[in-house]
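Notes follow the structure.
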Amino acid sequence: MSFSKNRNRSCASWPKPAVSQSTVQMIQLRYFASLRESLGIGAEQIELPDGVHDLAGLTRWLAERGEPWANALADKRLHIAINQEIVKADAGVTDGDEIAWFPPVTGG
Amino acid sequence: MIRVQTEDFDPGRELEQLRYRNKGQAGAMVSFTGLVRDLNAGDTVTQMTLEHYPGMTEKALARIELEANDRWELTASIIVHRVGPLHPDDNIVFVAAASRHRQQAFRACEFMIDALKSRAPFWKKETLPDRTRWVEPESS
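For the protein sequence lines, the chains are G and U, in the order given.
Here the first sequence stands for residues 681 to 788, numbered as in this note's numbering.
Here the second sequence stands for residues 465 to 604, numbered as in this note's numbering.
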């Protein structure tokens, strides 16, 4: 089950903008635990990069930032969640998504 | 019922509340309380810090509790997990299940703590006398 915060929102009552313009598509990225420390950042909001439609593309785009991104995100043990649901590595990414990377969990 | 909190909890009080929620229908209550150990992998642990993913953690716990209630006939259940800095002998987690019969309560309680350990987004970081380290997951 996955959902997007924006997908179900009714736009019927919203006033139309006077001038038609392409809206900026934003996604929220989150990093936890040892990954957060490796990257030195816990969360960021970015524009959905042109041509990025899935996790593979997004991860490639982030890796192109160089280190520590390329190395940290190459860790095969990382889990990825979109909108707080665990997803597979080939999941799609769309406007408004919250995407989180984190190492295996150790609660309890 | 699920709760994620920084403050301590009282396992005895949690059980009393679970007992009250049964409305007299339960014949058994089984609980698990997880504590901070003072030793891990041969090293002295002075502090344990629990990080979590606010929002997703609550969803994961609620789903685990729902699955337990689908699989076993429970009269009441609860999962409580602490986050933030903890110290040896502190409570970390409390899981309890009540049912008409003990087998259902035992199995549901074990399922919930096992599922929590493998699925709920919590991460433990240990403070040792000379350094810190992230706890590695138990081999599954």
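Ideal Cβ placement from N, Cα and C applies to all residues, glycine included.
Given the structure is predicted, the values throughout are model-derived calculations rather than measurements.
Using DSSP's beta-bridge definition, name the partner residues of residue i.
i	result
ILE577/U	Paired residue(s): none; ILE577/U is not in a bridge.
PRO549/U	THR513/U
ALA708/G	First, the amino acid is wrong: residue 708/G is Gln here, not Ala. GLN725/G, GLU778/G.
ALA713/G	DSSP lists no partner for ALA713/G.
GLN504/U	Note on residue identity: the sequence assigns Asn, not Gln, to residue 504/U. Partner(s): ASP507/U.
With respect to the alpha helix (DSSP H) encompassing residue i, which residues constitute its N-terminal and C-terminal limits?
i	result
TRP741/G	735 to 743
MET465/U	No alpha helix (DSSP H) contains MET465/U, which DSSP labels as neither H nor E.
PHE758/G	The amino acid occupying residue 758/G in the given sequence is Leu; Phe does not appear at that position. Element bounds for LEU758/G: n/a, residue is neither H nor E.
Check whether the Cβ of residue i lies closer than 8 angstroms to any Cβ atom in chain U.
i	result
GLY746/G	no
SER682/G	In this prediction, SER682/G scores a pLDDT of 43, lower than 50, which makes its location untrustworthy; the coordinate-derived value is nonetheless stated afterwards. Answer no: the Cβ-Cβ gap between SER682/G and chain U never drops below 8 angstroms.
ALA752/G	no
LYS685/G	Low local confidence applies: a pLDDT of 45 at LYS685/G is under 50, so the model's placement there is unreliable, with the coordinate-based value given in what follows. No, no contact with chain U.
GLY737/G	no
SER690/G	The predicted position of SER690/G is uncertain, since its pLDDT is 45 and thus under 50; a value taken from the coordinates is nonetheless stated next. No, because no Cβ of chain U sits closer than 8 angstroms to the Cβ of SER690/G.
At which residues does the beta strand (DSSP E) containing residue i begin and terminate?
i	result
LEU728/G	Neither: LEU728/G is in no beta strand (DSSP E) and is coded neither H nor E.
TRP749/G	Here TRP749/G belongs to no beta strand (DSSP E); instead the alpha helix (DSSP H) covers 749 to 753.
ASN555/U	555 to 563
Got a sec: is the Cβ-Cβ distance from residue i to anything in chain G below 8 angstroms?
i	result
MET512/U	no
MET465/U	no
LYS487/U	no
GLU515/U	yes
Using a Cβ cut-off of 9 angstroms, pull out every chain G residue sitting near residue i, in sequence order please.
i	result
VAL468/U	What VAL468/U touches in chain G: nothing, since even the nearest Cβ is about 10 angstroms away.
GLY476/U	Per Cβ cutoff of 9 angstroms: no residues; GLY476/U is ~20 angstroms from chain G at best.
Give me the chain U residues within the contact set of residue i, using Cβ-Cβ distance strictly less than 8 angstroms, ordered along the chain.
i	result
ALA761/G	TYR517, MET520, PRO585
**Study point:** Interfacial residues, the stretch 769 to 785 of chain G to chain U, with Cβ spacing under 8 angstroms
**Key:** Flagged, chain order: ALA780, PHE782, PRO783, PRO784, VAL785.
Worksheet item: According to a CB-to-CB cut-off of less than 9 angstroms, which residues of the stretch 700 to 732 of chain G neighbour chain U?
Response: Against chain U - using a Cβ distance shorter than 9 angstroms - the residues of the stretch 700 to 732 of chain G are ARG710, PHE712, ALA713, SER714, ARG716, GLU717.
request  = May I ask you to list, following chain order, the residues of the stretch 490 to 510 of chain U that have a beta carbon less than 7 angstroms from some beta carbon of chain G?
outcome  = Cβ contacts with chain G come from GLY498.
Practice item. Determine which residues of the stretch 560 to 593 of chain U have a Cβ less than 9 angstroms from any Cβ of chain G, and write them out in chain order. Key: Of all residues in the stretch 560 to 593 of chain U, only ILE577, ASP578, LEU580, LYS581, SER582, ARG583, ALA584, PRO585, PHE586, TRP587, LYS588, LYS589 place a beta-carbon less than 9 angstroms from a beta-carbon of chain G.
Closer than 7 angstroms between beta carbons: that is the criterion. Which residues of the stretch 536 to 555 of chain U meet it against chain G?
Within the stretch 536 to 555 of chain U, HIS545 place their CB atoms closer than 7 angstroms to a CB of chain G, listed in sequence order.
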